[in-house]
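In what follows, a single structure is set out as structure tokens and then discussed.
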Amino acid sequence: MKRPGFGLSTFSGVFVVWTLFSVLIVFSYPLEGDQEAHELRFVEEFDRLKLGFSWHNMSCAVCKAIFATVDIALLSDSNKERVAHVLGDACVRLHLADPDVCREITELFREDFIRALQESFLWPTEACALLVGPACGHFDIYAPWNVSLPQVPKPPIKPHTPPKPGSPQSRILFLTDIHWDAEYAQGSLVDCKKPLCCRNDSGRASWKHSGAGYWGTYGKCDLPLRTVENLLQTVAKSGPWDWVYWTGDIPAHNVWSQSRKQQLNELTVITRLILKHLGPNVTVYPSVGNHESTPVNSFPPPFVHGNRSSRWLYDTMAKEWASWLPEEALETLRLGGFYTVEIQRGLRLVSLNMNFCARENYWLMVNSTDPADQLQWLIHILQESENKGEKVHIIGHIPPGLCLSSWSWNYYHIVNRYESTITGQFFGHTHVDEFQMFYDEETMTRPLSVAFIAPSVTTYVNLNPGYRVYYVDGNYPGSSRMVLDHETFILNLTLANKRHSKPYPSPSWTLLYRASEAYGLSTLFPADMDGLIKIMVNDDRVFQRFWYLFHKGHVSKPCTDTCKTSLICLLHSGRYDVLMQCDVLHGDKHSFRKTMC
Ligand SMILES: [Zn+2]
Ligand SMILES: [Zn+2]
25 MKRPGFGLST
35 FSGVFVVWTL
45 FSVLIVFSYP
55 LEGDQEAHEL
65 RFVEEFDRLK
75 LGFSWHNMSC
85 AVCKAIFATV
95 DIALLSDSNK
105 ERVAHVLGDA
115 CVRLHLADPD
125 VCREITELFR
135 EDFIRALQES
145 FLWPTEACAL
155 LVGPACGHFD
165 IYAPWNVSLP
175 QVPKPPIKPH
185 TPPKPGSPQS
195 RILFLTDIHW
205 DAEYAQGSLV
215 DCKKPLCCRN
225 DSGRASWKHS
235 GAGYWGTYGK
245 CDLPLRTVEN
255 LLQTVAKSGP
265 WDWVYWTGDI
275 PAHNVWSQSR
285 KQQLNELTVI
295 TRLILKHLGP
305 NVTVYPSVGN
315 HESTPVNSFP
325 PPFVHGNRSS
335 RWLYDTMAKE
345 WASWLPEEAL
355 ETLRLGGFYT
365 VEIQRGLRLV
375 SLNMNFCARE
385 NYWLMVNSTD
395 PADQLQWLIH
405 ILQESENKGE
415 KVHIIGHIPP
425 GLCLSSWSWN
435 YYHIVNRYES
445 TITGQFFGHT
455 HVDEFQMFYD
465 EETMTRPLSV
475 AFIAPSVTTY
485 VNLNPGYRVY
495 YVDGNYPGSS
505 RMVLDHETFI
515 LNLTLANKRH
525 SKPYPSPSWT
535 LLYRASEAYG
545 LSTLFPADMD
555 GLIKIMVNDD
565 RVFQRFWYLF
575 HKGHVSKPCT
585 DTCKTSLICL
595 LHSGRYDVLM
605 QCDVLHGDKH
615 SFRKTMC
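Numbering-wise, the sequence shown is residues 25 to 621 according to the numbering used here.
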């Protein structure tokens, strides 16, 4: 994620910008006649303007006229070729990425992206709303919509009380964002020009620089398989685990050169490796990350059928995960990449496909209203659980505060309604160690839920490899099933990669911190986490400790002033509009839209 002062350049964010570019690039000029000259002039113009171009310079009427023309033009296949050509050219000239990356990514994206453009109801009113402003129409992807809640009144709220001393606890292993790079190469260039380095094609490091390390590297690099396998050997020995949550992002960040075949191979290899090391008696509950698909972030909702649908992915997931999930769960997984399952009597899991909330998923241009009816389905599950007196944990990849505004608003509303049923929310995707608070909608002051965001297994970018362990109120009658504590383990790369005589000995994964000890908390209930934020505001030492742990003990930059206020603001934001206020507050309106995770 790109945040003010947290400074990482983003790659998939390019596509959000690109969406806008392509709309304008392609459609600002007629697609017949003096094509080459027009393309060139436009790109040069854009070069000059850089990102300072204001869409608002275009009038509403002109915008609609352009889009009406384009609508017709895109019906022709030869125009599709031109679109791809112009996009590739613009990518190079605007220095959006390295030329090779631009060419490959254009190839990869053109079919899906242009198809989504063609199918979207974007033209011309909605597109102009997006480009010119809301007075010119409305854009579906940002249009508000509402789920409907059952008429059943919300049960009275009981305050959270810590379990009696000695009560059983469940110990849950949490893995997220593994990002295995099959082409990771020790000794290769760490600081290459592509979005992902430390690979065979990154070039060799010169004598002046140390190249990619044996176990991983601080830089724009993902992990070699040996590190993933070493992690799994380590956690296999540090059990027993009651169960495992695994929230996605298996492949590496080489998003410009991925194929379906490779993605499925990576899914299969890692799934089988987890199964091999943890054994058949530990159940793993996975969820779908934004990197599982190719093109990255491309998750067509179920209204897309045939070869462009996500069947290729969900069918393989259902096959590979069949030993962990019951048939009913596999059924919804095949349809939409989400499922529910009873973990133990009194505790249910819901695994959400958060790609249906993501602004980077361009299929949502076609229709962003509760894709796959997932939230309506969630309400149905939660109501059934409430009726049975069952508690529910929710896992997913992208944290809800980063979702499209309306999705995020509805989700927040659901968490409010079912606050006594949802007793844990667990996400990943940002690669850093943080959390997002949920408050009561009326006053936005009473903390009622926490979305825990665990740090990544991968180093991307500049981090130590790591994993999380949650301690949850255990399996006994009347258990709250709330999160009581968590631990974060890391592989200190500086130590692990120190010159050894070959072969490298197995490195040690060490406890970075235990939340209760680091912050002096007895439980991690919503009120505790809200209290922690207040302490961070007043005590900079606590905030600086949080900042160090946020990066899994490998901090690149200090965080003071705006960085600090933004981050504290972010922790309050389980809902996108609240999060946007942090942005507006600090004058960096688009920073949260860019995501590299
Ligand atoms: Zn992700
Ligand atoms: Zn990731």
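Cβ coordinates follow ideal geometry from the N, Cα and C atoms, glycine included.
Exercise. Return the CA-CA distance between N331 and R284, expressed in angstroms with no decimal places.
Key: Against the sequence shown, residue 331 aligns to sequence position 307. Against the sequence shown, residue 284 aligns to sequence position 260. Distance between the alpha carbons of N331 and R284: 12 Å.
Quiz item: When you compare only the Cα positions, how much space is there between L359 and R335?
Solution: Here the question's residue 359 lines up with position 335 in the sequence shown. Here the question's residue 335 lines up with position 311 in the sequence shown. Rounded to whole angstroms, L359 to R335 spans 8 Å at the Cα level.
Quiz prompt | Closer than 7 Å: H622 CB and nearest ligand 1 heavy atom | solution = Since the first and last residues shown for the chain are 25 and 621, residue 622 lies out of range.
Quiz item: In whole angstroms, what is the alpha-carbon distance linking E366 and V214?
Solution: On the sequence shown, position 342 is the one that residue 366 refers to. On the sequence shown, position 190 is the one that residue 214 refers to. Answer to the nearest angstrom: the Cα atoms are 44 Å apart.
Self-check item: Of the listed residues P186, K88, C84, Q193, nearest to Y494 (C-alpha basis)
Solution: Here residue 494 corresponds to residue number 470 of the sequence shown, with the count starting at 1. With distances taken between Cα atoms, Y494 lies closest to Q193.
Quiz item: What do you get for S226, buried or exposed, if any count of 16 or more other CB atoms within 10 angstroms of its CB means buried?
Solution: Here residue 226 is taken as the residue at index 202 of the sequence shown, counted from 1. Note on S226: 16 or more other CB atoms within 10 angstroms of its CB, so buried under the neighbour-count rule.
Self-check item: Alpha-carbon to alpha-carbon, A276 and I249
Solution: As a working mapping, residue 249 is identified with position 225 in the sequence shown. As a working mapping, residue 276 is identified with position 252 in the sequence shown. The amino acid at residue 249 is misidentified as Ile; the sequence shows Leu. For L249 and A276, the distance between alpha carbons rounds to 11 Å.
Self-check item: Top-ranked residue by Cα proximity to F462, from S473, S191, G190
Solution: As a working mapping, residue 462 is identified with position 438 in the sequence shown. Closest option to F462, Cα to Cα, is S473.
Self-check item: 8 Å Cβ shell around H184 - same chain, five flanking residues per side excluded
Solution: For the purposes of this step, residue 184 is taken as the residue at position 160 of the sequence shown. The answer, listed in chain order, is S504, M506, T547, F549, P550, A551.
Quiz item: At which residues does the beta strand (DSSP E) containing L213 begin and terminate?
Solution: Along the sequence shown, one-based indexing puts residue 213 at 189. Where L213 is concerned, there is no enclosing beta strand (DSSP E), given that its DSSP letter is neither H nor E.
Exercise. Return the chain-ordered list of same chain residues with a C-beta closer than 8 Å to the C-beta of Y309, the five sequence neighbours on each side being excluded.
Key: Locating residue 309 in the sequence shown gives position 285, counting from the first residue. Once the five neighbours on either side are set aside, the close Cβ partners of Y309 are W267, V268, Y269, W270, W348, L349, V365, I367, L373, S375, I419.
Quiz item: Just how far apart, CA to CA, sit F45 and T318?
Solution: The residue given as residue 45 occupies position 21 in the sequence shown. The residue given as residue 318 occupies position 294 in the sequence shown. Reliability of the predicted coordinates at F45 is poor, the pLDDT of 46 falling under 50, and the value obtained from them is presented with this limitation in mind. In a straight line, the C-alpha of F45 is about 21 Å away from that of T318.
Self-check item: Outcome for D563 when other beta-carbon atoms lying within 10 angstroms are tallied against a minimum of 16
Solution: As a position in the sequence shown, residue 563 is number 539, starting the count at 1. If you draw a 10 Å sphere on the C-beta of D563, you find fewer than 16 other C-beta atoms in it, and that means exposed.
Self-check item: Coarse secondary structure for E541, derived from DSSP in three states
Solution: On the sequence shown, position 517 is the one that residue 541 refers to. If DSSP states are grouped into helix, strand and coil, E541 belongs with the helices.
Quiz item: Which residues bound the alpha helix (DSSP H) around L249?
Solution: By 1-based counting over the sequence shown, the position of residue 249 is 225. L249 -> alpha helix (DSSP H) spans 249 to 261.
Self-check item: DSSP-derived helix/strand/coil call for R599
Solution: For the purposes of this step, residue 599 is taken as residue 575 along the sequence shown, with counting starting at 1. Coil.
Quiz prompt | Exposure label - E105; buried when at least 16 CB within 10 Å | solution = Stepping through the sequence shown from its first residue, residue 105 is reached at position 81. Looking at its Cβ environment, which holds fewer than 16 other Cβ atoms inside 10 Å, E105 is exposed.
Quiz item: When burial is assigned at 16 or more other CB atoms within 10 Å of the CB, is H315 buried or exposed?
Solution: On the sequence shown, residue 315 is found 291 positions in, with the first residue counted as 1. Counting Cβ neighbours within 10 Å, H315 comes out buried, since at least 16 surround it.
Quiz item: What do you get for N521, buried or exposed, if any count of 16 or more other CB atoms within 10 angstroms of its CB means buried?
Solution: Position 497 of the sequence shown, counted from the start, is the residue given in the question as residue 521. Buried, because 16 or more other Cβ atoms sit within 10 Å of the Cβ of N521.
Quiz item: In chain order, which beta strand (DSSP E) runs of at least 3 residues are fully inside the region 479 to 548?
Solution: Within the region 479 to 548, the complete beta strand (DSSP E) runs of at least 3 residues are 490 to 497, 507 to 515, 533 to 538.
Quiz prompt | Range covered by the alpha helix (DSSP H) that runs through Y309 | solution = Residue 309 sits at position 285 when you count from the first residue of the sequence shown. Taken as a continuous stretch (DSSP letters only), Y309 belongs to no alpha helix (DSSP H), being part of the beta strand (DSSP E) at 308 to 310.
Quiz prompt | Best match in E443, E465, Q282, Q210 for proximity to P180 [C-alpha to C-alpha] | solution = On the sequence shown, residue 180 is found 156 positions in, with the first residue counted as 1. Comparing Cα positions, the closest option is E443.
Quiz item: Taking 7 Å as the line, does the beta carbon of S480 fall inside it for any heavy atom of ligand 2?
Solution: The residue given as residue 480 occupies position 456 in the sequence shown. Between ligand 2 and S480, a heavy atom-to-CB distance of less than 7 Å is present.
Quiz prompt | Per-residue burial, D601 [other beta carbons within 10 Å of its own, 16 or more giving buried] | solution = As a first step, residue 601 must be located in the sequence shown, where it is residue number 577. Taking every protein chain shown into account, the CB of D601 has fewer than 16 other CB atoms within 10 angstroms, so this residue is exposed.
Self-check item: Bounding residues of the alpha helix (DSSP H) (the contiguous stretch that carries Y436)
Solution: The sequence position of residue 436 within the sequence shown is 412, counting from 1. That run of the alpha helix (DSSP H) goes 429 to 441.
Quiz item: Any heavy atom of ligand 2 closer than 7 Å to the CB of H453?
Solution: As a first step, residue 453 is located in the sequence shown; it is residue number 429 there, counting from the start. For ligand 2, at least one heavy atom lies less than 7 Å from the Cβ of H453.
Practice problem: Check whether the Cβ of D201 lies closer than 7 Å to any heavy atom of ligand 1, and answer yes or no. | Solution: Here the question's residue 201 lines up with position 177 in the sequence shown. Yes, Cβ of D201 sits closer than 7 Å to a heavy atom of ligand 1.
Quiz item: Excluding sequence positions up to five away, which residues of its chain have a Cβ less than 6 Å from the Cβ of L371?
Solution: Position 347 of the sequence shown holds residue 371. K415, R505.
Quiz item: Any heavy atom of ligand 1 within a distance shorter than 7 Å of the CB on H421?
Solution: Translated into positions along the sequence shown, residue 421 becomes position 397. Yes.
Practice problem: Report the rounded CA-to-CA distance for R492 versus F513, giving the unit in angstroms. | Solution: Working through the sequence shown from its first residue, we reach residue 492 at position 468. Working through the sequence shown from its first residue, we reach residue 513 at position 489. Those two C-alpha atoms are separated by around 6 Å.
Quiz item: Closer than 7 Å: is that where the CB of D273 sits relative to any heavy atom of ligand 1?
Solution: Numbered from 1 along the sequence shown, position 249 holds the residue referred to as residue 273. Yes, the beta carbon of D273 sits closer than 7 Å to at least one heavy atom of ligand 1.
Quiz item: Mapping DSSP to helix, strand and coil, what is F622?
Solution: No statement about residue 622 is possible, as the shown extent of the chain runs from 25 to 621 and does not include it.
Practice problem: For E622, count neighbouring Cβ atoms within 10 angstroms of its own Cβ and tell me buried if that reaches 16, exposed if not. | Solution: Because the chain is modelled from 25 through 621, residue 622 falls outside the range shown and cannot be assessed.
Practice problem: Determine the DSSP secondary structure at K285, reduced to helix, strand or coil. | Solution: Indexing the sequence shown from 1 puts residue 285 at position 261. In this structure, K285 counts as helix in the three-state DSSP scheme.
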